[in-house]
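1 is the number of the first residue of the sequence shown in this note's numbering; add one for each residue after it. Following: one structure in structure tokens, then a few remarks.
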Amino acid sequence: MLRTVVTALSTAAGLILSASSVLAGAPQYTIVDLGIIDAGDFGVQGFRVSEGGVAVGRTLGVSNQAYSWTQGGGLMPLPNLASRPFGAANGANDNGMVVGSGTQTSFGSGPLPIVWNNGVVSQLPLPAGETLGRANDVNASGVAVGSVDGGSVEQAVIYNGATATKITTAAVDGSIMRTAFSINDSGIIVGFGIDPNNAARNVGSVYDSNTDTMTEVGALPGANGALAFHISNAGHVVGSSMMNQGSGQPFIWTSGSGMTAIPLPASTSQGSARGVNSNGWAVGTAGGVFAVPFLYDGTTTYTLQDLIPTGTGWDISMNTSSSAMGISEDGVIVGTGVLNGEVRAYAMIPVVTTPCPWDCTPDNGDGTFG
């Protein structure tokens with residue numbers, strides 16, 4: 001069992017990456033502990049990172065709060081709603097907006113959709129007649145997506161200013177999006193739907209809010225459905241494809257190329273891709289005996305543990321708590337790992353190489369990402 005004694009913040013940001021700690025030709029990273037809010041907290045999870053490097057997630061223990069983090073500013077606690085003692089931040093843009101859910105318990109009961117504008121919390125509007133909801137992502141225009149209600153009547157929703165609108169448009173097969181997980185700056189939304197002709201089949205739904213059209217990403221060979229978790233500003237969609245409710249295989253999809261399987265890391269048998277940037281680099285978590293976060297660069301799948309220096313105290317391959325949930329445009333990866341026995345959120349910062357595999361011009365103009 002993991003110890004719950006809080007340890008000091010990691011100094012991994014200053015570590016020098018040794019040549020022996022990485023695979024030949026693989027991308028190189030340093031790893032940073034995102035920090036903790038209260039000394040009594042026993043866990044910190046990283047849930048997503050914005051295009052420009054704003055990481056978000058939640059803490060568990062005493063504070064039970066959401067947070068945001070940047071490389072330049074560090075961890076910023078985000079206050080809970082007065083009526084909800086637990087908070088989780090699920091998405092952020094680069095304009096000071098963070099969205100998530102406020103709940104009555106740590107496992108998500110009684111959820112309300114919330115937004116933090118420059119750290120100030122408020123509830124997002126709910127459609128008429130609805131009392132429960134969640135917010136999962138927000139784009140540069142401040143349009144957020146998520147879902148309302150729950151169970152068999154859960155429905156995807158768009159939060160835009162003072163209005164909340166259910167997504168009711170059906171795909172050709174009649175499937176309706178139940179949960180919206182991600183929205184890009186072009187207003188394309190991805191999520192999870194149900195096929196009315198086969199309730200056991202998961203539908204990876206893609207909704208164009210500009211044309212009010214619903215499509216689906218399809219399935220990998222041997223599967224009949226998918227879950228779509230994230231869409232990049234270039235239109236890459238990632239998720240997991242499976243047969244009915246069975247275990248899944250990670251994929252990347254575009255409207256032009258269709259669905260491609262992401263190879264699994266060694267010693268894993270299933271997995272899901274959870275984040276992708278505009279270069280088509282994707283991250284996710286594979287499973288077997290342990291949870292194994294991975295990076296896919298369009299050709300090769302790397303286990304994240306192999307991309308960080310040795311001797312950091314981080315275990316992101318030999319436990320069941322680890323994850324990789326998002327990747328920024330500059331390649332910053334955010335997720336959860338185990339640091340010296342404690343569950344903590346991390347950011348993996350690329351070591352810039354020449355030539356850089358993407359546009360590595362720092363966003364801050366001061367030599368730092370985020």
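By construction, the Cβ of each residue, glycine as well, lies at the ideal position given by its N, Cα and C atoms.
Sequence-distant residues of its chain with Cβ nearer than 6 Å to D185 (five each side left out): Here the set comprises N139, A140, N233.
Residues sharing a beta bridge with M259, DSSP: Residue pairing by DSSP places M259 opposite W253 in a beta bridge.
In angstroms with no decimal places, state the Cα-to-Cα distance between T353 and Y29. C-alpha separation (whole angstroms): 11 Å.
Count the other CB atoms, across all protein chains shown, that sit within 10 Å of the CB of F107; report buried if there are 16 or more and exposed otherwise. With fewer than 16 other Cβ atoms within 10 Å, it is exposed.
Residue ranges of each beta strand (DSSP E) run of no fewer than 3 residues wholly in the stretch 97-176, ordered along the chain? Correct list: 97-103, 112-117, 120-123, 133-138, 144-148, 155-160, 163-166.
Which of the three DSSP states, helix, strand or coil, is assigned to S295? Before going further, note that residue 295 is Leu rather than Ser in the sequence given. Annotated three-state conformation of L295 is strand, per DSSP.
Give me the Cβ distance between S109 and A89, rounded to the nearest whole Å; I'm assuming they're in contact under 8 Å. Incorrect: roughly 18 Å between the Cβ atoms, too far for contact.
Reference A39, options V334, T285, Q249, E342, closest by Cα: When C-alpha distances from A39 are compared across V334, T285, Q249, E342, the shortest belongs to E342.
6 Å CB neighbourhood of G43 in its chain, flanking five on each side removed: If we look at G43 and ignore the five residues flanking it on each side, its Cβ neighbours are L60, V343.
Can you tell me whether N210 is buried or exposed? The criterion is at least 16 other CB atoms within 10 Å of its CB, across all chains shown. Around the CB of N210, fewer than 16 other CB atoms lie within 10 Å, so the residue is classed as exposed.
D306 in three-state terms, based on DSSP: If DSSP states are grouped into helix, strand and coil, D306 belongs with the helices.
Considering Cα atoms alone, identify which of V148, D41, D330, G53 is closest to G100. Considering only alpha carbons, the answer is V148.
L9 (DSSP reduced to helix, strand or coil): Unreliable positioning characterises L9 in this predicted model, as indicated by a pLDDT of 28, which lies under 50. A coordinate reading is not provided.
Reducing DSSP to helix, strand and coil, say where V332 ends up. Three-state result, V332: coil.
Between the Cα of S328 and those of V283, T179, R201, spot the shortest distance and give me the residue it belongs to. Nearest neighbour of S328 by Cα position, chosen from V283, T179, R201, turns out to be V283.
Classify L81 as helix, strand or coil using the three-state DSSP reduction. Note: L81 maps to coil in three-state DSSP.
With DSSP as the reference, label P350 as helix, strand or coil. In the structure shown, the three-state DSSP call for P350 is strand.
Buried or exposed (CB count within 10 angstroms, at least 16 for buried), Q245: Taking a 10 Å sphere around the C-beta of Q245, we find fewer than 16 other C-beta atoms and assign the residue as exposed.
Where do the ends of the beta strand (DSSP E) carrying W281 lie? It is not in any beta strand (DSSP E) - W281 carries neither H nor E in the DSSP assignment.
Taking the beta strand (DSSP E) that N233 belongs to, which residues open and close that run? Counting along the chain, N233 falls outside any beta strand (DSSP E), and DSSP gives it neither H nor E.
Distance, F86 Cα to V32 Cα: Their Cα atoms are separated by approximately 25 Å.
Coil, strand or helix - G187 by DSSP: Residue state, collapsed to three classes: coil.
Applying the criterion that 16 or more other CB atoms from any shown protein chain within 10 Å of the CB defines a buried residue, is V98 buried or exposed? Classification for V98: buried.
Grouping DSSP H, G and I as helix and E and B as strand, with all else coil, what is L220? Here L220 sits in coil by DSSP.
With DSSP run on the structure shown, which of helix, strand or coil describes S21? For S21, the predicted structure reports a pLDDT of 38, less than 50, and the residue's modelled location is therefore unreliable. The matter cannot be settled from this model.
Best match in S247, W116, G313 for proximity to D66 [C-alpha to C-alpha]: Correcting the residue type first, residue 66 is Ala in the shown sequence and not Asp. By alpha-carbon distance to A66, the top candidate from S247, W116, G313 is W116.
For the beta strand (DSSP E) that G33 lies in, which residues bound it at each end? Contrary to the premise, residue 33 reads as Asp rather than Gly in this sequence. Looking at the DSSP string, the run of the beta strand (DSSP E) that includes D33 is 29-33.
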